[in-house]
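Chains as they are written, first to last, in full-length UniProt numbering: chain A, 1 to 295; chain B, 1 to 231. From the three backbone atoms N, C-alpha and C, an ideal C-beta is built for every residue, glycine too. Keep in mind the model is a prediction, meaning the values are calculated, not measured. Please read the structure below before turning to the comments.
So, in structure tokens, the structure goes:
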């Protein structure tokens with residue numbers, strides 16, 4: 001089996017002017033401790049603090065200004081959830097009337113027993129027996145897809161799965177990437193034409209799974225199919241996973257179209273080559289094609 | 001060590017530097033993709049690797065949770081191959097525990113922990129090659145790693161070791177100078193405000209030099225990444 005080794009080389013410094021010369025706005029980059037402004041008329045947002053009446057940055061990133069609000073967005077950060085975000089998470093704890101879900105944010109998210117769909121109808125009353133059999137529905141280590149219902153004051157997220165499209169996830173592949181690379185769209189559930197389905201969680205967890213044959217209406221989100229997945233489907237999913245990793249390594253924004261372009265560009269190569277240097281080159285090609293097609 | 005003078009008559013030290021000269025610094029951020037933040041720094045022959053995880057939920061003992069700010073958990077360790085003689089106990093000995101505590105105190109002063117109540121930030125530093133100034137290099141590496149993780153800090157934390165030879169301060173000591181019998185003090189500083197995070201001393205120019213170098217590293221890294229990111 002061929003192994004890939006990259007020796008450390010001095011990287012060529014990328015200059016801002018050469019890469020984005022056609023953009024009218026230039027990026028204002030700051031580091032912690034940089035004074036952004038001394039004008040008292042501005043409000044401070046995330047990533048800044050006031051030090052002796054001077055607005056100072058506290059993270060390294062670019063300055064975003066919206067009217068009178070100045071905030072600094074760091075390059076990499078844990079997931080900061082907002083109401084309505086779709087997340088993919090893993091159950092870490094089963095507590096008294098709730099589950100604790102790990103979603104790559106700064107505190108574990110909370111999924112209440114009253115926020116899930118139990119078999120028997122949506123408006124079924126939760127009994128004491130439900131509390132005792134919580135573990136039958138979701139155990140430690142299970143993956144779920146859910147939506148953010150609200151945000152607590154300390155930043156923890158409150159999730160719910162009160163829709164048939166959310167719930168426990170069955171067979172598939174999880175890819176963990178930075179949350180900043182997921183584009184916000186109207187829908188995060190896509191059935192790709194190449195033969196697999198994808199859930200792009202806003203928290204950076206992407207779930208690839210084989211497209212289900214027929215929709216189970218009574219499933220309620222807890223039925224997981226354990227039928228064997230065909231080899232063709234598994235190849236498609238593996239190729240998609242390698243494409244995702246290559247795109248993430250090149251910091252390309254991920255949404256259904258960019259993933260599809262990358263998949264199409266990768267078809268001439270073998271699946272196992274996609275994660276090596278050919279994969280890096282093809283991610284760069286895909287990036288160019290995405291930019292071209294967007295005009 | 002008779003005959004080895006730390007500062008020659010012409011003003012040169014054992015490795016050919018002048019008294020106030022820093023060692024060559026090379027650093028890189030974002031070394032590991034699986035951690036939230038990571039950095040690798042080389043100051044002369046001292047090499048350190050820092051990794052930051054967090055902020056995340058407090059794992060392990062729930063009793064350590066603070067209701068109004070984040071807990072910073074530091075661990076300092078040295079690789080067994082980092083010193084001239086193979087180290088028997090890389091972590092868990094008294095010196096590592098003391099260093100971990102100093103790192104924790106230093107970063108609690110700089111990181112804005114009140115923004116993350118009930119969570120935990122882990123900072124792990126490992127010395128891969130030890131040639132003097134272990135604490136300072138760890139602080140510098142950890143600063144870069146914390147910035148890489150996107151955790152808000154008041155300012156950079158820069159550190160340097162300084163020694164004295166006949167009224168002349170020597171900046172950035174190497175191993176031979178540290179053990180040469182003279183005193184050596186480590187200073188961790190927040191450069192822009194001039195606030196001292198760990199120790200008090202009057203040779204602050206060395207730290208300002210280190211802060212310039214770290215600044216350069218972060219700005220370069222920012223430019224590299226921001227150019228690649230596209231909307």
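If you follow the beta strand (DSSP E) that residue i is part of, which residue opens it and which one closes it?
i: residue 151(A); result: 143-151
i: residue 174(B); result: No beta strand (DSSP E) contains residue 174(B), which DSSP labels as neither H nor E.
i: residue 126(B); result: 119-129
i: residue 246(A); result: From DSSP, residue 246(A) is part of no beta strand (DSSP E) but of the alpha helix (DSSP H) over 231-249.
i: residue 160(B); result: 158-165
i: residue 36(A); result: 35-37
i: residue 73(A); result: 69-74
i: residue 91(A); result: 86-94
i: residue 108(A); result: No beta strand (DSSP E) contains residue 108(A), which DSSP labels as neither H nor E.
Within a Cβ cutoff of 6 Å, which residues of the same chain sit near residue i, ignoring the five residues on either side of it in sequence?
i: residue 61(A); result: 72, 73, 74, 75
i: residue 97(B); result: none
i: residue 256(A); result: 190
i: residue 203(A); result: 79, 87, 103, 104, 179
i: residue 124(B); result: 51, 75
i: residue 221(B); result: 29
i: residue 135(A); result: 94
For a contact defined as C-beta to C-beta under 7 Å, what are the partners of residue i on chain B?
i: residue 261(A); result: Within chain B, no residue comes near residue 261(A); the closest Cβ sits about 14 Å away, beyond 7 Å.
i: residue 142(A); result: None at all; the shortest Cβ gap to chain B is about 18 Å.
i: residue 329(A); result: Nothing about residue 329(A) can be read from this structure; chain A reaches only from 1 to 295.
On a CA-only basis, which of the options is nearest residue i? Give me that one, please.
i: residue 88(A); options: 142(A), 131(A), 116(A); result: 142(A)
i: residue 32(A); options: 49(B), 99(B), 148(B), 59(B); result: 148(B)
i: residue 77(B); options: 126(B), 226(B), 195(B); result: 126(B)
i: residue 20(B); options: 173(B), 186(B), 73(B); result: 173(B)
i: residue 106(B); options: 5(B), 29(B), 140(B); result: 140(B)
i: residue 33(B); options: 260(A), 261(A), 250(A), 263(A); result: 250(A)
i: residue 186(B); options: 193(B), 192(B), 169(B); result: 169(B)
i: residue 134(B); options: 44(B), 216(B), 217(B), 92(B); result: 44(B)
i: residue 116(A); options: 152(A), 99(A), 106(A); result: 99(A)
i: residue 267(A); options: 225(A), 235(A), 52(A); result: 235(A)
With respect to the alpha helix (DSSP H) encompassing residue i, which residues constitute its N-terminal and C-terminal limits?
i: residue 105(B); result: 94-110
i: residue 98(A); result: Taken as a continuous stretch (DSSP letters only), residue 98(A) belongs to no alpha helix (DSSP H), being part of the beta strand (DSSP E) at 98-102.
i: residue 146(B); result: 134-148
i: residue 134(A); result: 134-137
i: residue 77(B); result: Segment 71-78 is the beta strand (DSSP E) holding residue 77(B); no alpha helix (DSSP H) there.
Residues of chain B with a CB under 8 Å from the CB of residue i: which are they?
i: residue 154(A); result: 117, 118
i: residue 59(A); result: 147, 150, 151, 152, 153
With a threshold of 7 Å on Cβ separation, who are the neighbours of residue i within its own chain once the five nearest residues in sequence on each side are excluded?
i: residue 185(A); result: 255
i: residue 197(B); result: 106, 109, 110, 157, 188, 189, 190
i: residue 56(B); result: 119, 120
i: residue 64(B); result: 58, 71
i: residue 36(A); result: 30, 48, 55, 56, 57, 63, 70
i: residue 136(B); result: 159, 160, 161, 186
Run down chain A in chain order and give the residues with a C-beta less than 9 Å from the C-beta of residue i.
i: residue 294(B); result: With chain B running from 1 to 231 in the structure shown, residue 294(B) is simply not present.
i: residue 136(B); result: Ordered by position in chain A, no residue passes the 9 Å Cβ test against residue 136(B), which lies about 19 Å from the chain.
i: residue 61(B); result: Within chain A, no residue comes near residue 61(B); the closest Cβ sits about 15 Å away, beyond 9 Å.
For a contact meaning CB atoms closer than 7 Å, what does residue i contact in chain A?
i: residue 100(B); result: Correct list: empty, because the minimum Cβ distance to chain A is about 23 Å.
Closer than 8 Å, CB to CB, is residue i near chain E or not?
i: residue 188(A); result: Of the protein chains in this structure, namely A and B, none is chain E.
Tell me which same chain residues have a C-beta within less than 8 Å of the C-beta of residue i, skipping the five on either side of it?
i: residue 68(A); result: 41, 42, 43
i: residue 219(A); result: Because residue 219(A) carries a pLDDT of 47, less than 50, the predicted location of this residue cannot be relied on, and the following value inherits that uncertainty. For residue 219(A), where only same-chain residues beyond five positions count, the Cβ hits under 8 Å are 164, 167.
i: residue 227(B); result: none
i: residue 14(B); result: 4, 6, 174, 176, 177
How would you list, in chain order, the residues of chain A whose beta-carbon sits under 8 Å from the beta-carbon of residue i?
i: residue 219(B); result: 29, 31
i: residue 215(B); result: 31
- Give a yes or no on contact between the region 34-43 of chain A and the region 108-116 of chain B, applying the rule of three or more CB pairs nearer than 8 Å. no
- Okay, do the region 85-92 of chain B and the region 136-152 of chain B touch, 3+ Cβ pairs below 8 Å being the bar? no
- Any 3 or more C-beta pairs closer than 8 Å across the region 130-147 of chain A and the region 159-168 of chain A: yes
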